[in-house]
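Participant: Just add 30 to wherever you are in the sequence shown, counting from 1, and you've got our numbering. Every residue gets a Cβ at the ideal spot worked out from N, C-alpha and C, and that includes glycine. Sharing a structure with you now.
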Amino acid sequence: MGGGKVAIVGGSIAGCAMALAAARGGAERITVFERAGAELRDRGVGIGVHNDRYAELEAAGYMSDAMPWGPLHRRLWTVRDGESDLGRTIATQPFPFRAYNWGSLWSELRRRVPDGTDFRSETHVTRVETDADGAIVRLADGSQEHFDLVIGADGYRSVVRQAMLPELAPAYAGYLGWRGTSATPANMPPGGEEEARLVVFPGGHCMMYLIPDGKEGHRMNWVLYTHPPADSGLDTELRTPTSLPPGRVATELTTYLRDLVAEHFPPYWRDCVLSSPEERTFIQPIYDLSIPRYASGRLLLSGDAATVARPHIGGGSVKALQDAAALETAWRAGGDWQD
Ligand SMILES: Cc1cc2nc3c(=O)[nH]c(=O)nc-3n(C[C@H](O)[C@H](O)[C@H](O)COP(=O)(O)OP(=O)(O)OC[C@H]3O[C@@H](n4cnc5c(N)ncnc54)[C@H](O)[C@@H]3O)c2cc1C
């Protein structure tokens, strides 16, 4: 199925990969609408990719060794044990993953978006509608454009999904991920560079591993999962899909999380988390979303716009890339636009 005008809403991991897939499939014109600035805001956090998934995505041409990464072999589950600096390890599991920095992963995907793609930063899509032979994209400046196919790669609050499945919305899972990075700690335990550490505490856990910092060094990436305090009022607020970037995190919530780390973490891992600069920490409430179908007429969903995978499996970005590989295969096998 060659030719066609394709719009992609969202230019993050799924959006760049979908642009690559559409180009490989033979789309005639590709436009990416991304509401953020030219450099998507890089919060510098980690993305884990299972070795087997990497091998599949490399074979499909959606990942490569040009994307800086670090190997992970084991994950260690650790609890506080009195004043023991490193705590007590209660379980060790194989963890055959590659550790990426989100920013480097995105930059490399962005670099691969073919020349000729009309990548429009700072362009907000307000609404998408279908008509007899395609779909209309409406922009915040009041203009509109017609396409043969519109792909939603616009994350879990997708406007493309609203057009396709207006009755579905992400559901707050009842807890949040507090994320950040700190400088690589001194005196890491032997082998620690290639281990993921999970500190377990009542009501949650925190995962930590080194990621490339994009400048040939490393940073310690961490994400702590727990529920917000019952009396914060946040719980109700989070039922409306949102994220809390640096500066918007309520002071009392930050204090709550810092106190929790100080009380429950072994000292070495506590210092890793608490030494993170405030501007490098942010909160992502955890949502669940799945949909009955990925395509309807001339609309198609991808990445988090379609399904949000809980972050514990390290699979959301991977799924976005798999969606692109699947689109490319389907496109190459397809007939014409009427089919
Ligand atoms: C705590 C946590 C840890 C995670 N860890 C991992 C991991 O280890 N491994 C892994 O594979 N995945 C992980 N994930 C999941 C991963 O981050 C997401 O699945 C992935 O980033 C989704 O990419 P996306 O491109 O679909 O969506 P997004 O990255 O959300 O991008 C959507 C884009 O669309 C743009 N946009 C939105 N609306 C509009 C609009 N109306 N008009 C124009 N542009 C718009 C946005 O600006 C944004 O750039 C984790 C997620 C969380 C919360």
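For Thr214 versus Arg310, is the C-beta distance shorter than 8 Å?
Facilitator: As a first step, residue 214 must be located in the sequence shown, where it is residue number 184. As a first step, residue 310 must be located in the sequence shown, where it is residue number 280. No. Outside cutoff.
Participant: Under 6 Å Cβ to Cβ from Tyr298, same chain only, skipping five residues before and after it: list those, please.
Facilitator: By 1-based counting over the sequence shown, the position of residue 298 is 268. Correct list, in chain order: Asp115, Leu116.
Participant: Bridge partners of Asn251, per DSSP?
Facilitator: In the sequence shown, counting from the first residue as 1, residue 251 sits at position 221. Thr211, Tyr239.
Participant: Verify the contact flag: Ser305, CB atom, against every heavy atom of ligand 1, threshold strictly below 7 Å.
Facilitator: Walking along the sequence shown from the start, residue 305 turns up at place 275. Result no, Cβ not under 7 Å from ligand 1.
Participant: Please classify Glu64: does DSSP put it in a helix, a strand, or coil?
Facilitator: As a first step, residue 64 is located in the sequence shown; it is residue number 34 there, counting from the start. Here Glu64 sits in coil by DSSP.
Participant: Could you give the residue range of the beta strand (DSSP E) that holds Ala199?
Facilitator: Taking the sequence shown and counting its residues from 1, the one referred to as residue 199 is at position 169. Where Ala199 is concerned, there is no enclosing beta strand (DSSP E), given that its DSSP letter is neither H nor E.
Participant: Less than 7 Å between the CB of Ala193 and some heavy atom of ligand 1, yes or no?
Facilitator: Within the sequence shown, residue 193 is the residue found at index 163, counting from 1. No; taking the cut-off as 7 Å, the Cβ of Ala193 has no heavy atom of ligand 1 nearer than that.
Participant: How is the beta strand (DSSP E) around Gly34 delimited, first residue to last?
Facilitator: Along the sequence shown, one-based indexing puts residue 34 at 4. Note, Gly34: premise wrong, no beta strand (DSSP E); not H, not E.
Participant: Cutting at 8 Å between CB atoms, please list the residues of its own chain near Leu304, excluding the five before and the five after it.
Facilitator: For this step, residue 304 is matched to residue 274 along the sequence shown. Same-chain partners within the cutoff: Arg288, Val291, Ala292.
Participant: Taking the straight line between their C-alpha atoms, what separation do you get for Trp99 and Ala193?
Facilitator: Start at 1 with the first residue of the sequence shown, and residue 99 comes out as number 69. Start at 1 with the first residue of the sequence shown, and residue 193 comes out as number 163. Those two C-alpha atoms are separated by around 37 Å.
Participant: Below 8 Å on the Cβ atoms is my guess for Leu87 versus Leu319; work out the distance and round it to an integer in Å.
Facilitator: Position 57 of the sequence shown, counting from 1, holds the residue named residue 87. Position 289 of the sequence shown, counting from 1, holds the residue named residue 319. The pair is not a contact, with the Cβ atoms about 22 Å apart (cut-off 8 Å).
Participant: Which residues bound the alpha helix (DSSP H) around Pro124?
Facilitator: Position 94 of the sequence shown, counted from the start, is the residue given in the question as residue 124. Note, Pro124: premise wrong, no alpha helix (DSSP H); beta strand (DSSP E) at 118 to 131.
Participant: Under three-state DSSP, which class holds Asp301?
Facilitator: Taking the sequence shown and counting its residues from 1, one reaches residue 301 at position 271. Residue state, collapsed to three classes: helix.
Participant: Opposite Ala377 in the DSSP bridges: which residues?
Facilitator: A query on residue 377 cannot be resolved here, the shown segment of the chain reaching from 31 to 369 and no further.
Participant: Could you check if Glu358 is buried or exposed, using at least 16 other CB atoms within 10 Å of its CB as the buried criterion?
Facilitator: In the sequence shown, residue 358 corresponds to position 328, counting from 1. Buried.
Participant: Is any non-hydrogen atom of ligand 1 found closer than 7 Å to the C-beta of Ile181, if you look at the structure I gave you?
Facilitator: Along the sequence shown, one-based indexing puts residue 181 at 151. Ile181: no, Cβ never under 7 Å from ligand 1.
Participant: Identify which residue in Ile120, Pro220, Pro219, Pro341 has its Cα closest to the Cα of Phe231.
Facilitator: If you number the sequence shown from 1, residue 231 lands on position 201. If we check each option's Cα against that of Phe231, Ile120 comes out closest.
Participant: Taking 7 Å as the cut-off, is the C-beta of Ile43 nearer than that to any heavy atom in ligand 1?
Facilitator: The residue you call residue 43 lines up with position 13 of the sequence shown. Yes, ligand 1 has a heavy atom inside 7 Å of this Cβ.
Participant: Which residue marks the beginning of the alpha helix (DSSP H) containing Gly45, and which one marks its end?
Facilitator: Here residue 45 refers to the residue found at position 15 when the sequence shown is read from its first residue. Run containing Gly45: 43 to 55, per the alpha helix (DSSP H) assignment.
Participant: For Ile43, which option in Arg141, Lys35, Pro126, His103 has the closest C-alpha, if you only look at C-alpha atoms?
Facilitator: Within the sequence shown, residue 43 is the residue found at index 13, counting from 1. Ranking the options by Cα distance to Ile43, first place goes to Arg141.
Participant: My guess is that Asn131 and Ile241 are in contact by the Cβ rule of under 8 Å, so how many angstroms apart are they, rounded?
Facilitator: Numbered from 1 along the sequence shown, position 101 holds the residue referred to as residue 131. Numbered from 1 along the sequence shown, position 211 holds the residue referred to as residue 241. Correct: roughly 5 Å between the Cβ atoms.
Participant: Can you name the start and end residues of the beta strand (DSSP E) that Leu228 belongs to?
Facilitator: Position 198 of the sequence shown, counted from the first residue, corresponds to residue 228. 225 to 231 is the span of the beta strand (DSSP E), which, as asked, contains Leu228.
Participant: Does the distance between the C-beta of Arg54 and the nearest non-hydrogen atom of ligand 1 fall short of 7 Å?
Facilitator: Within the sequence shown, residue 54 is the residue found at index 24, counting from 1. It does not: the Cβ of Arg54 is nowhere closer than 7 Å to a heavy atom of ligand 1.
Participant: Can you give the Cα-Cα distance for Phe312 and Gly41, rounded to whole angstroms?
Facilitator: As a working mapping, residue 312 is identified with position 282 in the sequence shown. As a working mapping, residue 41 is identified with position 11 in the sequence shown. Approximately 21 Å between the Cα atoms of the pair.
Participant: Under DSSP, the alpha helix (DSSP H) around Glu282 begins and ends at which residues?
Facilitator: Within the sequence shown, the letter at position 252 stands for residue 282. Glu282 -> alpha helix (DSSP H) spans 281 to 294.
Participant: Assuming Phe125 contacts Arg104 (C-beta within less than 8 Å), just tell me the rounded distance between them.
Facilitator: As a first step, residue 125 is located in the sequence shown; it is residue number 95 there, counting from the start. As a first step, residue 104 is located in the sequence shown; it is residue number 74 there, counting from the start. Their Cβ separation, rounded to whole angstroms, is 5 Å, which keeps Phe125 and Arg104 in contact under 8 Å.
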